[in-house]
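Its first residue numbered 251, the sequence shown is counted upward by one per residue in the working numbering. C-beta: ideal position from N, C-alpha, C; glycine also. Report on one structure; see the data block that follows.
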Amino acid sequence: MRGAAKGNRPTILTYHDIGLNHKSCFNSLFNFEDMQEVTQHFSVLHVDAPGQQENAPIFPTGYQYPSMDELAEMLPSVMTQLHIKSVIGIGVGAGAYVLTKLALNEPSLVEGLVLINVDPCAKGWIDWAASKLSGWTSNLVDIIMGHHFSTDELTENKEIIQTYRLHISQDIPQDNLAMFYNSYSSRAELQMERPVSGLNENTATTVRCPTLLVVGDSSPAVDVVVSGCPVSMTTVECNSRMNPTKTTLLKMADCGGLPQVVQPGKLAEAFKYFVQGMGYSDMLVSHPALLPLCSCFSLLFFSSSPSCCFTPHQQPIRYQDSNQNLNPSRPLHRPPPHMCVHAVDQLITLTFFFLCSERPAGCAACQHISLFTLSALGLDSELLLVSERLKTL
């Protein structure tokens, strides 16, 4: 584990995916300027799965690698040792599974979850056979690259593909990596059910904390997150197993299997809204000079489209997309102002100002609006994707 608890500050705990460690999985996100504005108010702890950290020793012959359930069961004792009462978890892939399991086992220890490319399903027989066949014809590095990146990404984004291929093949002991991969491939299905108001809302086994599900529109995990288990099993949606009043699904446009690496700005923006909705808005004042009557209103200016937003004094503010510096040579094609993305921004702005103008920061209304804003971000992302596709017709 890397990081340290800082007094009474709330704690963010991360857990990486297979083939990665905390640095290769989360450095791009946590080094991003907007994310640093958030994390300066939090303690940040990064968990590396056994044997996946930098310079990890090779496990001896006969070592029994922990199951995914056992990895989740290790976390409460670590939190107790560090005197941490609860965490906001950010997990990717296998790490998202572990943190979800922790939230199911120990709901009092988890305040909120950001789950990227989460798969709550066990491997079915078809998936098991396919992985066995793939194992006979491909090496471990190729299999894990296919886990992280879509076919299009593997052929188009050569720079990032080469970087991660070298990392997976050289920076992590291959025997250790194979053990972690096999543990994840042998995972059990997460036992969750969607609570129904007035029926089983207090007894249903589900994640009870606020949750943000994140997936890139071209991610290999998109069908898992949006469409649930394979057809060979019961066809259910991951999102449909969650509490609908506490869960938001964010499908990020122009993004593949590693949204925290490819689009750290958009994810940092979504995370700001997420923790704001949890009641931490008073800690996240991003523009003091433009501070309106309610401090959490200032976060609204990080809307994902470049259309104008307005302060209570009706002064227009226009900004540059925070992700433009990722690829300066590539022009950003945005929908014209008359499209509904602009309408979404205006609706959020007016509604937020109406509810917050007479209320203190952290009020319940502000938290509900934060969740609405997250949903609008997802809509904005979808609209941008549709706009790009229409231009090719």
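In the DSSP assignment, residue 501 is bridged to 465.
Following the DSSP letters along the chain, one finds residue 341 inside the beta strand (DSSP E) bounded by residues 337 to 342. Check the Cα spacing between residue 325 and each of 439, 355 and 313: the tightest is with 355. The beta-carbon separation of residue 347 and residue 437, rounded to 6 Å, stays under the 8 Å limit for a contact. CA-CA distance, residue 281 to residue 500, rounds to 22 Å.
In the DSSP annotation of this structure, the continuous segment of the beta strand (DSSP E) that includes residue 362 starts and ends at 360 to 366. Inter-segment contact for the stretch 326 to 342 and the stretch 447 to 457 is absent: fewer than three beta-carbon pairs are separated by less than 8 Å.
Apart from the 5 residues on each side of it in sequence, residue 262 sits with its Cβ closer than 6 Å to the Cβ of 292, 294 and 338 in its chain, given in chain order. DSSP places residue 321 inside the alpha helix (DSSP H), whose first and last residues are 318 to 331. In this structure, the straight-line span from the alpha carbon of residue 308 to that of residue 419 is close to 14 Å. Shown here for residue 301: same chain residues with a beta carbon closer than 6 Å to its own, the five before and five after excluded, namely 309 and 426 in chain order.
CA-to-CA, the gap between residue 510 and residue 353 works out to about 22 Å. In the displayed model, residue 525 falls within a helix according to three-state DSSP. Between residue 514 and residue 279 a beta carbon distance of about 5 Å is seen, short of the 8 Å cut, so the two are scored as contacting. For the options 429, 531, 287 and 526, the alpha carbon positioned closest to that of residue 311 is the one of 429. Out of 424, 431 and 318, the CA that lies nearest to the CA of residue 305 is found in 424. Secondary structure at residue 294: strand, using DSSP grouped into helix, strand and coil. Rounded to the nearest angstrom, the gap between the Cα atoms of residue 269 and residue 400 is 16 Å. According to DSSP, residue pairing for residue 262 in a beta bridge involves 294 and 338. Sixteen is the threshold: since fewer than 16 other Cβ atoms of the shown chains lie within 10 Å of the Cβ of residue 254, the residue is exposed.
A Cβ-Cβ distance of about 5 Å is found for the pair residue 498 and residue 462, placing them in contact under the 8 Å criterion. When only Cα atoms are considered, residue 516 and residue 368 end up about 18 Å apart. For residue 506, the closest of 495, 457 and 407 by C-alpha to C-alpha distance is 407. Leaving aside the five residues that flank residue 260 on each side, the residues in its chain whose CB is nearer than 6 Å to its CB run, in chain order, 292.
Distance from the CA atom of residue 417 to the CA atom of residue 447, rounded to whole angstroms, is 47 Å. In the three-state scheme derived from DSSP, where H, G and I count as helix and E and B as strand, residue 257 is classed as coil. Distance between residue 265 and residue 327, taken at the CA atoms: about 16 Å. Nearest C-alpha to residue 493 among 456, 373, 522 and 469: 456. CA-CA distance, residue 488 to residue 331, rounds to 33 Å.
Comparing alpha-carbon positions, the option among 299, 329 and 303 lying closest to residue 316 turns out to be 299. For residue 321, same chain residues with a beta-carbon under 6 Å away, outside a window of 5 residues either side, are 348 in chain order. Where residue 314 is concerned, there is no enclosing alpha helix (DSSP H), because DSSP gives it neither an H nor an E. DSSP, reduced to helix, strand and coil, places residue 252 within a strand of the structure shown.
Buried is the label assigned to residue 431, since at least 16 other Cβ atoms lie within 10 Å of its Cβ.
Runs of alpha helix (DSSP H) with 4 or more residues, each lying fully within the stretch 407 to 459, are found at 408 to 420 and 424 to 435, listed in chain order.
If you look at residue 396, you'll find it in the alpha helix (DSSP H) that goes 390 to 398.
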